[in-house]
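Residue numbers (my numbering): 36 to 340. Note that the Cβ used here is the ideal one computed from N, Cα and C, for glycine as well. One structure below.
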């Protein structure tokens with residue numbers, strides 16, 4: 036039987052354990068995929084802990100993970116466009132920490148041939164979150180964009196997409212050890228901590244047009260409110276309480292194969308890359324969660340099968 040990593044109760048990383056699951060079969064409009072890699076995201080940790088149960092209730096035993104890459108090994112009736120042996124990447128919410136899964140053809144795209152398995156398995160969630168966020172905030176040519184937590188998974192993609200959308204200046208907050216990394220992505224880095232607003236002003240004397248909060252801390256909120264005149268041009272993926280209190284944009288974009296195809300095309304054109312800081316075997320998902328929750332991950336963590 037295939038192996039998956041699941042929880043039978045909410046709690047710390049130790050509740051995430053191996054579980055044998057029935058071998059699934061592809062139905063109409065579906066593909067069965069042998070997973071090669073799955074991305075690890077903070078939302079996975081929050082679901083595991085029970086913090087998100089009012090939004091994402093679990094049915095125990097609950098497999099975690101929401102993005103993957105792998106090889107098609109079975110196609111359902113009437114499926115076109117994919118065949119056994121195709122390499123794909125996609126999204127499957129609260130299903131992806133597993134050796135094999137079944138998904139709809141509208142949840143996958145073809146994996147670029149030279150994209151590593153670990154990066155392919157880590158792209159869907161952060162890539163689509165960043166893309167939908169910048170589209171919702173109407174990032175366009177000539178703007179100055181501020182990205183908080185710019186060296187993380189969403190931030191890494193958001194910096195590159197902002198440049199692809201025509202932003203003249205992209206400023207990214209990060210710890211000093213990640214500043215060269217941000218420069219390599221096309222961002223002007225600034226350090227967290229007291230005086231952040233002044234450091235951003237020095238880089239953007241004409242002002243900041245758009246701010247994306249991928250951090251969720253009070254500093255990111257305060258600095259964004261101080262620097263961006265239009266609160267509708269401030270968006271958060273990590274501080275929904277602040278969105279309600281201050282009238283900033285709460286960002287929750289729908290996922291789609293069309294958006295994912297746009298991201299893989301941008302990768303093929305050389306306009307997007309994703310750094311994977313570390314990989315873990317699937318059985319060590321708890322260790323990956325422990326590192327994710329410790330913070331300061333550059334890019335992504337991934338589980339490999």
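Beta strand (DSSP E) containing residue 145: first to last residue? Residue 145 sits at position 110 when you count from the first residue of the chain shown. Where residue 145 is concerned, the enclosing beta strand (DSSP E) stretches over 143-145.
Here's the rule I'm using: 16 or more other beta-carbon atoms within 10 Å means buried, otherwise exposed. How should residue 162 be labelled? Counting from 1 along the chain shown, the entry for residue 162 is found at position 127. Looking at its Cβ environment, which holds 16 or more other Cβ atoms inside 10 Å, residue 162 is buried.
Using DSSP with H/G/I as helix, E/B as strand and the rest coil, what is residue 279? Mapped onto the chain shown, residue 279 falls at position 244. Helix at residue 279.
Whose C-alpha, out of 94, 234 and 223, is nearest the C-alpha of residue 194? As a first step, residue 194 is located in the chain shown; it is residue number 159 there, counting from the start. Among 94, 234 and 223, the Cα nearest to that of residue 194 is on 223.
Short check: CB of residue 21 to CB of residue 208, under 8 Å? Since the first residue of the chain shown is 36 and the last is 340, residue 21 is not available in this structure.
Would the beta-carbon of residue 258 fall within 8 Å of that of residue 178? The residue you call residue 258 lines up with position 223 of the chain shown. The residue you call residue 178 lines up with position 143 of the chain shown. Not closer than 8 Å, so no.
Can you say whether residue 271 is buried or exposed, counting buried as having 16 or more other CB atoms within 10 angstroms of its CB? Taking the chain shown and counting its residues from 1, one reaches residue 271 at position 236. Under this definition residue 271 is a buried residue.
Is the region 89-96 in contact with the region 66-75, if contact means three or more CB pairs nearer than 8 Å? no
Is DSSP giving residue 169 helix, strand or coil here? Position 134 of the chain shown, counted from the start, is the residue given in the question as residue 169. Helix.
Which residue from 157, 58 and 183 puts its Cα closest to that of residue 103? Translated into the one-based positions of the chain shown, residue 103 becomes position 68. With distances taken between Cα atoms, residue 103 lies closest to 157.
Tell me residue 224's beta-bridge partners as DSSP assigns them. By one-based count along the chain shown, residue 224 stands at place 189. Among the bridge pairs identified by DSSP, residue 224 is matched with 207.
Quick test of your reading: residue 318 and residue 326, contact by CB under 8 Å. State the CB separation rounded to the nearest angstrom. By 1-based counting over the chain shown, the position of residue 318 is 283. By 1-based counting over the chain shown, the position of residue 326 is 291. Not quite, the Cβ-Cβ distance comes to about 15 Å (not below 8 Å), so this is no contact.
Going by C-alpha distance, which of 252, 192 and 183 is nearest residue 299? The count along the chain shown starts at 1 and reaches residue 299 at position 264. Each of 252, 192 and 183 was checked against the Cα of residue 299, and the nearest Cα belongs to 192.
Where does the unbroken alpha helix (DSSP H) through residue 61 begin, and where does it stop? Within the chain shown, residue 61 is the residue found at index 26, counting from 1. Run containing residue 61: none; DSSP gives neither H nor E here.
Assign residue 199 to one of three DSSP states: helix, strand, or coil. Counted from its first residue, the chain shown places residue 199 at position 164. Reduced to three states, the DSSP call for residue 199 is helix.
Compare the beta carbon distance of residue 58 and residue 50 with 8 Å and say whether it is the shorter of the two. On the chain shown, position 23 is the one that residue 58 refers to. On the chain shown, position 15 is the one that residue 50 refers to. Result no, Cβ atoms of residue 58 and residue 50 do not sit closer than 8 Å.
Does any heavy atom of the ligand NAD sit closer than 7 Å to the C-beta of residue 261? Absent from the structure shown: the ligand NAD. Ligands present: none.
Under the three-state DSSP convention, the category residue 315 falls into: Taking the first residue of the chain shown as position 1, residue 315 is located at position 280. Strand, per DSSP.
Closest residue to residue 201 among 170, 212, 190 and 316 (Cα-Cα distance): Start at 1 with the first residue of the chain shown, and residue 201 comes out as number 166. The shortest CA-to-CA distance from residue 201 to any of 170, 212, 190 and 316 is the one to 170.
So if DSSP puts residue 344 in a beta bridge, which residue, or which two residues, is it bridged to? Lying before the first or after the last residue shown, residue 344 is absent from the chain, which here runs from 36 to 340.
From residue 144 to residue 334, what distance separates their C-alpha atoms? By 1-based counting over the chain shown, the position of residue 144 is 109. By 1-based counting over the chain shown, the position of residue 334 is 299. Each residue's alpha carbon lies about 22 Å from the other.
Cβ neighbours of residue 216 in the same chain (closer than 7 Å, five flanking residues each side left out): If you number the chain shown from 1, residue 216 lands on position 181. These residues qualify, in order along the chain: 186 and 333.
Answer yes or no: do residue 232 and residue 261 have a C-beta to C-beta separation smaller than 8 Å? In the chain shown, the residue the question calls residue 232 occupies position 197. In the chain shown, the residue the question calls residue 261 occupies position 226. In this structure, residue 261 lies closer than 8 Å to residue 232 by Cβ.
Along the chain, where does the alpha helix (DSSP H) containing residue 253 start, and where does it finish? Along the chain shown, read from residue 1 onward, the residue named residue 253 stands at position 218. 253-262 is the extent of the alpha helix (DSSP H) around residue 253.
For residue 263 and residue 278, what's the separation of their Cα atoms in angstroms? One-based indexing of the chain shown puts residue 263 at position 228. One-based indexing of the chain shown puts residue 278 at position 243. Computed Cα separation, rounded: 14 Å.
Taking residue 295 as the reference, give the member of 166, 183, 132 and 219 with the closest Cα. For the purposes of this step, residue 295 is taken as residue 260 along the chain shown, with counting starting at 1. Selected option, being the one with the closest Cα: 166.
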